[in-house]
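J.: So that we are looking at the same thing, I have put the structure below in structure tokens.
Here's what the structure looks like:
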């Protein structure tokens, strides 16, 4: 039995989602570093008076991805984290240290 292209595409997307979640969680527990980074990112964004959509556009990311990073549910590369810091007008170390 041959799967349709749509079903294959849906399976591929689902697998990617599972891999992303595996990077973000240890068992069912969020990694504390990701949660702290996300909280610091959200706080800095709000201090700047920016919406998620505005920051996402400025950093070249999707709003949904940014939301997941802020919630500590998505992993982030250093390159993307640096783009977010630049868009917020701060250093990456400011976001990594949190408050």
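In the working numbering, the protein residues as written are 245 to 343. Quick reminder that beta carbons are idealized off the backbone N, C-alpha and C, glycines included.
1. For the candidate residues 315, 321 and 323, whose alpha-carbon lies nearest to that of residue 285?
2. For residue 304, which residues from the same chain have a beta carbon less than 8 angstroms from its beta carbon, with the 5 sequence-adjacent residues on both sides left out?
3. Identify, in the order they occur along the chain, each residue of the same chain with its Cβ nearer than 7 angstroms to the Cβ of residue 306, setting aside the five sequence neighbours on each side.
4. Identify which residue in 330, 329 and 313 has its Cα closest to the Cα of residue 278.
5. Look up residue 335 in the DSSP assignment and say whether it is helix, strand or coil.
T.: Put simply:
1. The residue you call residue 285 lines up with position 41 of the chain shown. Of the listed residues, the one whose Cα sits closest to residue 285 is 315.
2. Counting from 1 along the chain shown, the entry for residue 304 is found at position 60. The residues are 327.
3. Working through the chain shown from its first residue, we reach residue 306 at position 62. Cβ within range, chain order: 300.
4. For this step, residue 278 is matched to residue 34 along the chain shown. Residue 313 is the option with its Cα nearest to residue 278.
5. Within the chain shown, numbered from 1, the residue matching residue 335 stands at position 91. DSSP, read as helix, strand or coil, puts residue 335 in coil.
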